[in-house]
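Notes for the one structure printed next.
Protein chains in written order, with this note's numbering: chain X, 23 to 422; chain E, 23 to 422.
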């Protein structure tokens, strides 16, 4: 089942041209934009040329179905982009899926279907198209979601007009494989070519507020201050120390948003609200981290005569990848790049999160140069793109 | 030279009634507002009744001059308020000065003049009226200053019309004494009645920016992050450790403003800009602190592969209070409240900063309940107000 790297790269660049923007290989192709719909129409044409049956579902996710009644593997990702995105992101997984399905058709190989989910980048929600398909997000609920400009999902998907058919029956598929750029620096930094995803990490996210006493920054002695920024800084330090015994090198946590009040040079800040987000592939570890976070915040506030308030916690559970599919990807990776691949978690959400509700699912990563993504500068070496394609094809053949 | 506490308190409440606002004893009487000008007209009347000669200078600072050619002490402060202010702040020092001058007139005591400087609270600058009088801020330059609404100082002071005369010759005065609320919690916390100010602290203030790498908060391992908030937190901690050998209990430093970029839950912050302000009565200590700040910032950034940028530094030099006047206040404080007073710096700027350019100057503090000021809730126990008045009168008599 020989894939054609040149044809694959040509298609990848052809898709990039639809919505090409910004600098370098930048792309602006958000869900339901003219460029997004044009890209899906182009893709439907390429699917048909490859002998697949193009089919839009009610929310614009485009399937290229393997012909006939036989069950097939489903490969793919998404072709919508961030408001300012790179050329690979989901597009890579869609075009790699197309090339593998095409090669399978040509070689009389195993039946392979292709998908480009709609709105993975979350103009309206989080991995919207695959979340709806998986049943996790009811369509009626999704229709009421609005983008930052106030457009509803119902109005946005109406732009697809009569392209749309019914939802595709998930029972047609034996499993889902998604190839994606890593979007992080791990593979690039280690000089490795491939990552076989063990799990898509779970996320916990909440806003914490420390309230002390706003005061004059000249007349309030250090010893009498209840400075909310100082409490935040002490919390941050204690967190790193206490997490040390609990986390793995793959665990991450981030204070990305900080809002001081009144946020003035000459005033001791009386209030600090900040985001606390943590991610890990293990739900129990996420829970232990939450305990530490709540304990330290309470200790810091008690010691400083301050109050501490926890906002509602967002929770997305970790999703383990299917053992059988993972093993096939691992064998293919070792054959393609011996010793130059690793098992790793995905720190970002992907459509595979939702597909895993319906069928066995797994993911393959290729390196992101400098770990950069969601940016015009996002890129991956051509050799790594092809290496990923070949690994995906090997795994599909292996699973046959 | 017996002062009259009842008359003093009555005048203080009469002044409070002009611009009374908000809750409790709150006052809204910003510089050049109708309430501010009405208060100055009322004050001029009280000065005349006390046998003083009222005189407005070109910027609205109101003097009550001791009659005759003899040189006199000058006592006072300011009667303008913050946009939302308390009833005491500068008003206390003006009414205490009025009562002492009145008592001196009645008792045939030493000649005492009174002043209420204009715009101490900085609608247009910093201690604007006394800064102009002292020559530190040229009038032509001040006239170009604008308030947050875009009104020029020139237009604002025109509201005083033909009240205004020439600037008062500073050579008329032998020294300046300013009584003021502490605006901090030191005296209140210690249960002390009086503070004799040793120096008005100097201020250094600059914005520092740490620039690292903005990244995806899910896909970027902790070890590969260049997180600007983490750098700020580490800087803050190192600062406290390294300052420990340099500062005194009166030294203060504040990070009151923090701005992260892009300030989002799911993004490792790539940039942190923050305010670094420090205050002390000793210029050499301020300089040593600056060295530590610059050293630590550079070390933190170097260790983390980040860049660090220092904005322009605002510098106001410390102003030592006059030895002779201080000693007189200290003797009076010990007589009035034996063992219940202290020498202390002023962490806030005051009109005495400017007066000290022209003549010997000193300040006396009374407690602020809970350290609160620049707030409707600002207050001081009546016994402490009277204790301050008596101490000021004792010092004036002592200096005769």
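In this text, a Cβ means the ideal position worked out from N, Cα and C, and glycines have one as well. Predicted model only: the values in this text are computed from it and were never measured.
### Query
Exposed or buried, residue 180 of chain X, counting other C-beta atoms within 10 Å across all chains shown (16 or more means buried)?
Along the first chain, read from residue 1 onward, the residue named residue 180 of chain X stands at position 158. It counts as exposed.
### Query
For chain A, is any of its Cβ atoms less than 8 Å away from the one on residue 246 of chain X?
Checking the listed chains, one finds no chain A in this structure; the protein chains it contains are X and E.
#### Entry: Neighbour list for residue 406 of chain X in chain E, Cβ cutoff strictly below 7 Å
As a working mapping, residue 406 of chain X is identified with position 384 in the first chain. Chain E residues near residue 406 of chain X: none, gap ~16 Å exceeds 7 Å.
### Query
Is the CB of residue 370 of chain X under 8 Å away from at least one CB in chain E?
Counting from 1 along the first chain, the entry for residue 370 of chain X is found at position 348. With 8 Å as the cut-off, residue 370 of chain X counts as an interface residue toward chain E.
### Task
Let me know if residue 35 of chain E comes out buried or exposed under the rule of 16 or more other beta-carbons within 10 Å of its beta-carbon.
Translated into the one-based positions of the second chain, residue 35 of chain E becomes position 13. Per the 10 Å Cβ criterion, exposed.
### Query
Fully enclosed by the region 377-402 of chain X, which beta strand (DSSP E) runs are 3 residues long or longer?
Listed in chain order, the beta strand (DSSP E) elements of length 3 or more contained wholly in the region 377-402 of chain X are 383-388.
### Query
Any idea what DSSP makes of residue 120 of chain X, helix, strand or coil?
The residue labelled residue 120 of chain X in the question sits at position 98 within the first chain. Residue 120 of chain X: helix per DSSP, three-state reduction.
### Query
Under a Cβ-count criterion, where at least 16 other Cβ atoms within 10 Å of its own Cβ denotes burial, should residue 24 of chain E be classed as buried or exposed?
As a first step, residue 24 of chain E is located in the second chain; it is residue number 2 there, counting from the start. It counts as exposed.
### Task
Mind checking which residues open and close the beta strand (DSSP E) that includes residue 409 of chain E?
The count along the second chain starts at 1 and reaches residue 409 of chain E at position 387. No beta strand (DSSP E) contains residue 409 of chain E, which is instead part of the alpha helix (DSSP H) from 404-421.
### Query
Short check: CB of residue 135 of chain E to CB of residue 116 of chain E, under 8 Å?
Here residue 135 of chain E refers to the residue found at position 113 when the second chain is read from its first residue. Here residue 116 of chain E refers to the residue found at position 94 when the second chain is read from its first residue. No; because the gap between Cβ atoms is not below 8 Å, this pair is not in contact.
### Query
Does DSSP put residue 42 of chain E in a helix, a strand or coil?
Taking the second chain and counting its residues from 1, one reaches residue 42 of chain E at position 20. Strand at residue 42 of chain E.
### Message
By alpha-carbon positions, which one of X/80, X/403 and X/393 ends up nearest to residue 247 of chain E?
### Response
Locating residue 247 of chain E in the second chain gives position 225, counting from the first residue. That would be X/393, whose Cα lies nearest to the Cα of residue 247 of chain E.
### Message
Beta-carbon within less than 6 Å of residue 365 of chain X's beta-carbon, same chain only, minus the 5 sequence neighbours each way: which residues are those?
### Response
Position 343 of the first chain, counted from the first residue, corresponds to residue 365 of chain X. Contacts found: 218 and 220.
### Query
When we look at the beta-carbon of residue 200 of chain E and count the other beta-carbons within 10 Å, is it buried (16 or more) or exposed?
Here residue 200 of chain E corresponds to residue number 178 of the second chain, with the count starting at 1. It is buried - the Cβ of residue 200 of chain E has at least 16 other Cβ atoms within 10 Å.
### Message
Please tell me whether residue 204 of chain X has its Cβ less than 8 Å away from any Cβ of chain E.
### Response
In the first chain, counting from the first residue as 1, residue 204 of chain X sits at position 182. For residue 204 of chain X, the answer is yes, since a Cβ of chain E falls inside 8 Å of its Cβ.
### Pairwise C-alpha distance: residue 118 of chain X and residue 204 of chain X
Counting from 1 along the first chain, the entry for residue 204 of chain X is found at position 182. Counting from 1 along the first chain, the entry for residue 118 of chain X is found at position 96. So the two alpha carbons sit approximately 15 Å from each other.
### Query
Between residue 120 of chain E and residue 147 of chain E, what straight-line distance do the alpha-carbon atoms span, to the nearest angstrom?
Stepping through the second chain from its first residue, residue 120 of chain E is reached at position 98. Stepping through the second chain from its first residue, residue 147 of chain E is reached at position 125. If I take the Cα positions, the gap works out to 26 Å.
### Message
Rounding to the nearest angstrom, what Cα-Cα distance links residue 80 of chain X and residue 206 of chain X in this structure?
### Response
Against the first chain, residue 80 of chain X aligns to sequence position 58. Against the first chain, residue 206 of chain X aligns to sequence position 184. C-alpha separation (whole angstroms): 33 Å.
### Message
Can you confirm whether residue 152 of chain E, when its beta carbon is compared against all beta carbons of chain X, has any partner nearer than 8 Å?
### Response
Within the second chain, numbered from 1, the residue matching residue 152 of chain E stands at position 130. Residue 152 of chain E does not count as touching chain X.
### Query
List, in order along the chain, the chain X residues whose C-beta lies closer than 8 Å to that of residue 499 of chain E?
The structure shown does not extend to residue 499 of chain E, since chain E is modelled only from 23 to 422, so the question has no answer here.
### Message
Please identify the residue among X/291, X/46 and X/38 whose C-alpha is closest to the C-alpha of residue 60 of chain X.
### Response
Along the first chain, read from residue 1 onward, the residue named residue 60 of chain X stands at position 38. Measuring from the Cα of residue 60 of chain X, the nearest candidate turns out to be X/38.
### Query
Just the Cα atoms here: how many angstroms apart are residue 82 of chain X and residue 140 of chain X?
Reading the first chain from its first residue, position 60 is the one you call residue 82 of chain X. Reading the first chain from its first residue, position 118 is the one you call residue 140 of chain X. Their backbone Cα atoms lie some 6 Å apart in a straight line.
### Task
Taking only the alpha-carbon atoms, compute the straight-line gap between residue 175 of chain E and residue 383 of chain E and give it to the nearest angstrom.
On the second chain, position 153 is the one that residue 175 of chain E refers to. On the second chain, position 361 is the one that residue 383 of chain E refers to. So the two alpha carbons sit approximately 27 Å from each other.
### Task
Between the Cα of residue 71 of chain E and those of E/124, E/232 and E/375, spot the shortest distance and give me the residue it belongs to.
The residue you call residue 71 of chain E lines up with position 49 of the second chain. The candidate whose alpha carbon is nearest that of residue 71 of chain E is E/124.
### Task
Evaluate residue 21 of chain X with the Cβ neighbour count: other Cβ atoms within 10 Å of its Cβ, from every protein chain shown; 16 or more gives buried, anything less gives exposed.
What the structure shows of chain X is the stretch from 23 to 422, and residue 21 of chain X is not part of that stretch, so it cannot be assessed.
### Query
By the criterion of Cβ-Cβ separation under 7 Å, what are the contact partners of residue 219 of chain X in chain E?
Here residue 219 of chain X corresponds to residue number 197 of the first chain, with the count starting at 1. Going along chain E, no residue has its Cβ under 7 Å from residue 219 of chain X, so there is no contact; the nearest lies around 12 Å.
### Message
For residue 414 of chain E and residue 354 of chain E, I'd like the C-alpha separation in whole angstroms.
### Response
The sequence position of residue 414 of chain E within the second chain is 392, counting from 1. The sequence position of residue 354 of chain E within the second chain is 332, counting from 1. Looking at the two C-alpha atoms, the distance is approximately 7 Å.
### Query
Closer than 9 Å, Cβ to any Cβ of chain E: which residues of the region 271-294 of chain X, in chain order?
271, 272, 273, 274, 275, 276, 277, 278, 279, 280, 281, 282, 284, 285, 286, 287, 288, 289, 290, 291 and 294
### Message
What does DSSP give as the partner residue(s) for residue 224 of chain E in the beta ladder?
### Response
Start at 1 with the first residue of the second chain, and residue 224 of chain E comes out as number 202. Answer is E/302.
### Local conformation of residue 312 of chain E per DSSP, three classes
Working through the second chain from its first residue, we reach residue 312 of chain E at position 290. It is helical.
### Message
Would you say residue 99 of chain E lies against chain X (beta-carbon separation less than 8 Å)?
### Response
Taking the second chain and counting its residues from 1, one reaches residue 99 of chain E at position 77. With respect to chain X, the C-beta atom of residue 99 of chain E has no partner C-beta closer than 8 Å.
### Message
So residue 227 of chain E contacts chain X; which residues on that side make the cut at Cβ distance below 7 Å?
### Response
Translated into positions along the second chain, residue 227 of chain E becomes position 205. The answer, in chain order, is 287.
### Query
Exposed or buried, which one is residue 418 of chain X when buried takes at least 16 other CB atoms within 10 Å?
Walking along the first chain from the start, residue 418 of chain X turns up at place 396. With 16 or more Cβ atoms within 10 Å of its Cβ, residue 418 of chain X is classed as buried.
#### Entry: Option nearest residue 351 of chain E by Cα separation, candidates E/321, E/338 and E/411
For the purposes of this step, residue 351 of chain E is taken as residue 329 along the second chain, with counting starting at 1. If we check each option's Cα against that of residue 351 of chain E, E/411 comes out closest.
### Task
Inspect the beta-carbon positions of residue 367 of chain X and residue 278 of chain X and report whether they are closer than 8 Å.
Residue mapping note: residue 367 of chain X aligns to position 345 of the first chain, counting from 1. Residue mapping note: residue 278 of chain X aligns to position 256 of the first chain, counting from 1. Taking 8 Å as the Cβ cut-off, residue 367 of chain X and residue 278 of chain X do not qualify as a contacting pair.
### Query
Hey, residue 294 of chain E and residue 253 of chain E are a contact pair by Cβ (cut 8 Å); roughly how many whole angstroms apart?
Numbered from its first residue, the second chain carries residue 294 of chain E at position 272. Numbered from its first residue, the second chain carries residue 253 of chain E at position 231. Contact holds; Cβ gap of about 7 Å.
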